[in-house]
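All residue numbers for the sequence shown refer to the working numbering, where the first residue is 107 and numbers rise by one. Worksheet for the structure shown next.
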Amino acid sequence: MIQRMPKLKGFKNPSRVETIAVNLDRLDEKFLDGESVNLETLKEKGLIQSTRVAVKILGRGEISKKLHISEVYLSETAQEKLKKAGATIA
């Protein structure tokens with residue numbers, strides 16, 4: 107019976123949360139000054155496929171717009187650059 111069982115490699119965690127990374131330069135391209143950045147607006151702009159994922163904003167690139175950030179995680183460098191640009195983080 108053991109020889110007939112398929113060999114399953116590894117472990118698939120059922121409670122794994124998929125995280126998608128979005129960089130500041132992509133936000134600077136897609137969003138206008140004063141716009142809100144959350145899961146719904148990221149999906150509308152085509153930066154993510156689904157709102158059932160966690161999004162983390164990374165600090166690659168520069169940002170020159172004052173955005174309103176909510177419902178996403180931020181890296182330390184992205185947080186510093188956003189605060190320097192005058193963005194509000196909720």
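Quick reminder that beta carbons are idealized off the backbone N, C-alpha and C, glycines included. Note that the structure is predicted; figures quoted are calculated from it, not measured.
Extent of the continuous alpha helix (DSSP H) run through A191: DSSP places A191 in the uninterrupted alpha helix (DSSP H) bounded by E182 to A191.
CA nearest to the CA of L153, picked from I169, A160, G165 and R132: Relative to L153, the option among I169, A160, G165 and R132 whose CA is nearest is R132.
Using the C-alpha atoms, what's the distance from Q109 back to A127? The alpha-carbon atoms of A127 and Q109 are separated by roughly 42 Å.
Is the beta carbon of G167 sitting closer than 8 Å to the one on L130? Contact annotation: G167 and L130 have beta-carbon atoms nearer than 8 Å.
Taking all protein chains shown into account, do 16 or more other C-beta atoms lie within 10 angstroms of the C-beta of K118, making it buried, or fewer, making it exposed? Counting other Cβ atoms within 10 Å of its Cβ, K118 stays below 16 and is therefore classed as exposed.
Starting from the Cα of K171, find the closest Cα among I163, K190, L114 and K113 and give me that residue. With distances taken between Cα atoms, K171 lies closest to K190.
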